[in-house]
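A short write-up of the structure that comes next.
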Amino acid sequence: MSVYVYAKFSNFQSIDISQLTKQSFCDHYSLLLNIEVMAYPTVQSVTKALKILELLIERSAENKALTLADIHRECDILPVTARNLLRTLEECGYAKRRSHGQYEEGERCYSVLRTGGIIRKLREISAPVVKDTSEDLGESLVVVSILNGHRIEIIRHQAKDDRAKSPDATDNTRPYQMRTTRAILAWFHSEPLNDFIEHSGLPSIEDWPECSGSLNGLKQELSNIRRRGGCNDQRSSFAAIAVPILTSNNEVIASIGCYAPLERTDLARATGIFKLMQNCAQQIRELLPSDPINAE
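The sequence shown: position 186 = 334 (the working numbering), numbered continuously.
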């Protein structure tokens with residue numbers, strides 16, 4: 149079955165691209181850059197699409213949606229052009245429509261987040277500190293962040309003799325169960341917290357019984373975690389421990405988590421792990437630039 153794509157050139161009548169020979173295609177390459185396919189506007193600059201993608205990533209780091217007005221203001225791209233570019237990014241999986249006129253990163257954008265912006269900076273800075281702390285403790289450690297309601301793993305350092313598979317390593321479908329998630333939410337301001345709740349809903353009784361399935365219950369539990377400086381709980385056969393990573397402006401950007409088997413972790417050892425993880429988070433904080441999102 150033939151697929152016919154019609155294009156209009158500035159100095160030619162409408163022609164069938166499928167009938168062009170290789171030579172004629174090359175001869176008219178400069179004109180092909182200005183193809184107008186049907187009524188759908190073409191992307192004439194990859195640079196504009198990349199600018200929008202970078203802005204999506206930055207907004208994700210701030211737990212905010214991206215709007216056409218944001219793109220016009222910060223990238224000087226007309227709203228109609230931005231809408232078409234976002235449509236292309238959406239079809240390719242790099243953008244996702246949150247609501248009318250609001251966009252967030254798509255599934256394919258998460259791999260970009262792992263190597264760009266704040267995630268790249270945090271990983272570069274924290275990796276050696278986390279490695280040293282993990283080796284001192286003899287326990288595996290994980291660093292995670294939350295971007296637009298999605299929990300993403302930034303670093304995982306597996307202890308040499310630790311063959312246990314942490315719950316954090318395999319289950320992202322129930323974020324409220326994760327102490328690494330709770331340790332971040334406890335330091336969230338109202339706007340990103342509300343965004344997370346809008347995305348994930350309130351915790352179920354099964355995932356977090358102490359919250360009683362209510363917003364007030366959730367806020368009370370988060371307040372308790374903040375007062376204690378993090379999480380130090382027992383979960384089935386593990387001591388579930390997590391502390392926040394804060395910037396110099398006391399903005400939470402990630403958390404460090406550890407699941408230490410109870411067979412080798414009594415209360416005293418769990419308390420010691422908790423303190424060493426707080427020290428680890430403090431070291432990372434001191435190494436972070438004052439503005440990790442915009443720092444070079």
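Where a beta carbon is used, it is the ideal one built from N, C-alpha and C, also for glycine.
Near residue 284, what residues of its chain come up, given a Cβ to Cβ distance below 7 Å and the 5 sequence neighbours on each side ignored? 424
Taking 8 Å as the limit between beta carbons, can you name the residues of its chain near residue 227, skipping five residues before and five after? 216, 217, 219 and 220
Closest to residue 302 by C-alpha separation, out of 280, 328, 225 and 430, would be which residue? 328
Would you mind stating whether residue 391 and residue 373 have Cβ atoms separated by less than 7 Å? no
Contained alpha helix (DSSP H) runs [length at least 4] in the segment 191-229, N- to C-terminal order: You should have 194-209 and 216-223.
Taking residue 297 as the reference, give the member of 381, 332 and 291 with the closest Cα. 332
Option nearest residue 267 by Cα separation, candidates 428, 370, 400 and 412: 400
Go to residue 406, then tell me how far its alpha helix (DSSP H) extends in each direction, as first and last residue. From DSSP, residue 406 is part of no alpha helix (DSSP H) but of the beta strand (DSSP E) over 400-409.
Are the C-beta of residue 242 and some C-beta of chain C separated by less than 7 Å? No chain C is part of this structure, which consists of one protein chain only.
Can you tell me which of 213, 289, 322 and 230 puts its alpha carbon nearest to the alpha carbon of residue 445? This structure cannot speak to residue 445, because the chain is shown only from 149 to 444.
Buried/exposed call for residue 194, threshold 16 Cβ in 10 Å: exposed
Taking DSSP as the reference, what is the three-state secondary structure of residue 307? coil
Would you grab the beta carbon distance between residue 379 and residue 289 for me? Rounded to a whole angstrom, and I think it's under 8 Å. Contact between residue 379 and residue 289 does not hold, since their C-beta atoms are separated by about 14 Å, which reaches or exceeds 8 Å.
Of all the options 322, 325, 238 and 432, which has the alpha carbon lying nearest to the alpha carbon of residue 398? 432
Helix, strand or coil at residue 324 according to DSSP, with G and I counted as helix: Residue 324: helix per DSSP, three-state reduction.
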